[in-house]
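Below is one structure, written out as structure tokens; the observations come after it.
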Amino acid sequence: RRLSVFLKGIKLESEIYDEEVKGPAENIIFTKNKLTKAGEGFLKSKNISENNIVRKDGFVFYSKKSGGEEVERTFQELFIKCINSISFDKTMKWEKSGFLFPRPIRWIIGFVNNNPMNFSLGPVKNDTFTFGNRNVSNSKIPIFNGYDYFEKMNENYVEIDFEKRKAMMLSEIKKAAENLSLTLIEDEDLLNEVTDLVEYPVIFYGNFDKRFLNLPKEIIIAALKQHQKYFSLKKEDGSLSSYFVFVSNAPYADTEDIINNNQRIIESRLEDAEFYYKNDLSHNIKYYENILKKTVFHDKLGSFYEKTQRNKKLASFVLKQLDMEEDNLDLISMISKFDIATEMIKDGKEFTKLQGVIGTHYAKAMGYKDEIANISREHYLPLTNEGELPESRVGIAFSIADKTDNICGAYLSGNKPTGNKDAMSVRRDSLSLIYLLTQKKLKININEILEESLKEYGRIELKQEISDYMKKRIEVLFTSYKIPYDVVRCALYSEKLIPIDILKKSILVKEMKTNEDFRDIVGGLKRVTNILKNEKESENKRHFENKFEFRLYESGMNADRMNETLLKNSDYEAVLINLLSIRKPIDELFDNVMVLDDDIEVKERRVQLLFFIRNIFLKFGDFSQIVFESPINAEEKK
183 RRLSVFLKGI
193 KLESEIYDEE
203 VKGPAENIIF
213 TKNKLTKAGE
223 GFLKSKNISE
233 NNIVRKDGFV
243 FYSKKSGGEE
253 VERTFQELFI
263 KCINSISFDK
273 TMKWEKSGFL
283 FPRPIRWIIG
293 FVNNNPMNFS
303 LGPVKNDTFT
313 FGNRNVSNSK
323 IPIFNGYDYF
333 EKMNENYVEI
343 DFEKRKAMML
353 SEIKKAAENL
363 SLTLIEDEDL
373 LNEVTDLVEY
383 PVIFYGNFDK
393 RFLNLPKEII
403 IAALKQHQKY
413 FSLKKEDGSL
423 SSYFVFVSNA
433 PYADTEDIIN
443 NNQRIIESRL
453 EDAEFYYKND
463 LSHNIKYYEN
473 ILKKTVFHDK
483 LGSFYEKTQR
493 NKKLASFVLK
503 QLDMEEDNLD
513 LISMISKFDI
523 ATEMIKDGKE
533 FTKLQGVIGT
543 HYAKAMGYKD
553 EIANISREHY
563 LPLTNEGELP
573 ESRVGIAFSI
583 ADKTDNICGA
593 YLSGNKPTGN
603 KDAMSVRRDS
613 LSLIYLLTQK
623 KLKININEIL
633 EESLKEYGRI
643 ELKQEISDYM
653 KKRIEVLFTS
663 YKIPYDVVRC
673 ALYSEKLIPI
683 DILKKSILVK
693 EMKTNEDFRD
703 IVGGLKRVTN
713 ILKNEKESEN
723 KRHFENKFEF
733 RLYESGMNAD
743 RMNETLLKNS
753 DYEAVLINLL
763 SIRKPIDELF
773 DNVMVLDDDI
783 EVKERRVQLL
793 FFIRNIFLKF
803 GDFSQIVFES
813 PINAEEKK
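Mapped onto the numbering used here, the consecutive letters of the sequence shown carry residue numbers 183 to 820.
Next comes the structure, spelled out in structure tokens:
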């Protein structure tokens, strides 16, 4: 209906500052340090004296005062640019010049320092009037300054401030619920959406036939929310009530008429849902299996039935990783997706978002055990990189399988994420997968499940590309946990891509960054890395002629031997302590020998020793990625 912007604290003039301006070549202005006629003309044109000139690099420079422009004109230009820069999914041409906007612009009102601005958007010129709530009056409202605007709008049933409007609405909704001895089922997304739909919220409540309460509550809530934007209420025992709350933008509406109309509309929606529900339950799983065979998942990835079969094989692989077996995988794989073929879910209805939830309700109604029926809902969890997780091991396995197949399928079908495009929601699925694996503390190697998934398509060559992408998503997720990017990159270095191990290492390294011994050994390892940049690794030569070489080798061997078991047990703190024990021998080597010796044989022996030491550290992570703040920067942050 309207867009409002109010800015305070803007200076009326831009700041005045000295600007150095480059002039002509010095030899044009001066000859033997005396002004030429051209020089005199230049000074006169710029209204400056010879004392204002600085000579450097063969040119003359002078200083002039800049700034001090009035903000009003600049702000008008900026305002037009801002309107043009707003991005919308859909726009329309609504006037001859071709100015695009989602809807025709009816009026504009703008002030700078309480003075009306002078500009136009298409054929519409800025004026000094506006309109209030159209359900109350269509009369013009004169506005004399920016502060006057808010007061006049409120008097005419328009609350401009989003947060005030939202708080007003929420308070009134809760009062209505309390009057009915009920509680609001809070929904932040719906609350924000309705706040944007009304200018002056007025609260009403209605009631639908109690027979509809026989439907699953998720269906009723979806019917109330998706199209009608109604708020659901619950009883003290948590069960859904037949009462609902809705919000009007009409302060003086006919209360009885508006309530009856809204009750009639929602009962019509619920009758549709009741029909779908009864009709869907008149069929068995085999019926839906046949429909899934004809329902396309993606034109390059086959039918939904084929997807269930891929998910089944991959879930079986995951269960083996978890030392589990399941005898009902054929049935479970079908139950996980069968609701896609139901009338309630298909064709993009308001209930489509209940995919999985409906499958679970239907499977239970068909007589299947809860642990099997729940897979339909569980295997979609988590929906994002936070929130509810699947509880059962089979649900976890199918969730991993489904998300992995989605990710691989996107790459196979030419829909990998690029820039702002992500047609198959790979970003969401990848973050959800990593979140699931870390939250459930599962030691599952993503590279292995990617390989297993890609085998089904015969496209194993895509494994590295997808693995690299998953590493980037791990970095995105873990840095959102306030773990520095350099720490995550250190922990990511491994042939295995096990998110829970990477997270444990990252947390440990983050804590160790304040340890002086750790700082020193990272410095030593970076020196090792720099030396080895132009060297080639070969078979390690262990014939040491120098005690410092021998001490470093022995120290490395001891740490490596002890870390072999510790790494298998994920005891990364102990691994890091053992690695820190190599610090002194590294320092001694660098303090007492020249690694890149003139003697080729000596140099080669020492270079291979450094490769040996570096590889021991790489079994934990790539410490060359670690970045330490300089003392100056650290002090500045304080």
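No residue lacks a Cβ here, since even glycine has one placed at the ideal position from N, Cα and C.
1. From which residue to which residue does the alpha helix (DSSP H) around residue 733 run?
2. Can residue 795 and residue 738 be called in contact, C-beta distance under 7 Å?
3. Does the distance from the CB of residue 408 to the CB of residue 448 come in under 7 Å?
4. Pull up the distance between the alpha-carbon of residue 606 and that of residue 651, whole angstroms please.
5. In or out: residue 558 buried (at least 16 other Cβ within 10 Å) or exposed?
6. So, helix, strand or coil for residue 655, using DSSP?
7. Can you grab the Cα-Cα spacing for the pair residue 472 / residue 485, in whole Å?
8. Between the C-alpha atoms of residue 314 and residue 382, what's the straight-line distance to the nearest angstrom?
9. Give the DSSP-derived three-state secondary structure of residue 668 in the structure shown.
10. Can you tell me whether DSSP reads residue 183 as helix, strand or coil?
11. Please tell me whether residue 589 and residue 608 are closer than 7 Å, where the distance is taken between their beta carbons.
12. Spatial neighbours of residue 507 within its chain, please: C-beta separation below 8 Å, excluding the five flanking residues on both sides.
13. On the CB-based measure, 16 or more other CB atoms within 10 Å of its CB, does residue 184 come out buried or exposed?
14. Check residue 197 in the structure and name its three-state DSSP category.
15. Looking at C-alpha atoms only, which residue of 512, 510 and 283 is the closest neighbour of residue 271?
16. Pick from 369, 388, 616 and 563: whose alpha carbon is nearest that of residue 404?
17. Who pairs with residue 313 in a beta bridge, going by DSSP?
18. When you compare only the Cα positions, how much space is there between residue 752 and residue 811?
19. Return the Cβ separation of residue 327 and residue 308 in integer angstroms, given the expectation that the two are a contact with Cβ distance under 8 Å.
20. Can you name, in chain order, every residue of its own chain whose Cβ lies under 6 Å from the Cβ of residue 807, other than the five neighbours on each side?
21. So, for residue 277: in the same chain, excluding its five sequence neighbours on each side, which residues have a beta-carbon less than 7 Å away from its beta-carbon?
22. DSSP three-state label for residue 605, please.
23. Express the C-alpha separation of residue 335 and residue 345 in angstroms, rounding to a whole number.
24. Determine the burial state of residue 694: buried for a count of at least 16 other Cβ atoms within 10 Å of its Cβ, exposed for fewer.
25. Around the Cβ of residue 279, are there at least 16 other Cβ atoms within 10 angstroms (buried) or fewer (exposed)?
26. Looking at residue 429 and residue 376, is the spacing between their C-beta atoms short of 7 Å?
27. Relative to the C-alpha of residue 520, which candidate in 504, 786 and 540 has its C-alpha closest?
28. Have a look at the DSSP bridge pairing and note the partners of residue 600.
29. On a Cα-Cα basis, can you pick out the residue from 461, 433, 460 and 386 that is closest to residue 839?
30. If you follow the beta strand (DSSP E) that residue 422 is part of, which residue opens it and which one closes it?
31. Specify, as a first and last residue, the run of the beta strand (DSSP E) that residue 389 falls within.
32. Compute the beta-carbon to beta-carbon distance between residue 348 and residue 373, rounded to the nearest angstrom, for a pair I have assumed lies under 8 Å.
33. Taking three-plus beta-carbon pairs below 8 Å as touching, is the region 572-579 in contact with the region 525-533?
34. Considering only residues of the region 207-273, which uninterrupted alpha helix (DSSP H) runs meet the minimum length of 4 residues and lie entirely inside it, listed in chain order?
35. DSSP three-state call for residue 202: helix, strand or coil?
36. In chain order, which alpha helix (DSSP H) runs of at least 4 residues are fully inside the region 608-656?
Reading from the atomic positions:
1. 729-750
2. yes
3. no
4. 15 Å
5. buried
6. helix
7. 11 Å
8. 10 Å
9. helix
10. coil
11. yes
12. 501
13. exposed
14. coil
15. 283
16. 369
17. 322
18. 29 Å
19. Actually they do not touch by this definition, with Cβ atoms about 14 Å apart.
20. 668, 671 and 672
21. 304 and 305
22. coil
23. 16 Å
24. buried
25. exposed
26. yes
27. 540
28. 603
29. The structure shown has nothing for residue 839, since the chain only spans 183 to 820.
30. 422-430
31. 384-389
32. 6 Å
33. no
34. 208-211, 219-228 and 253-267
35. strand
36. 608-621 and 628-639
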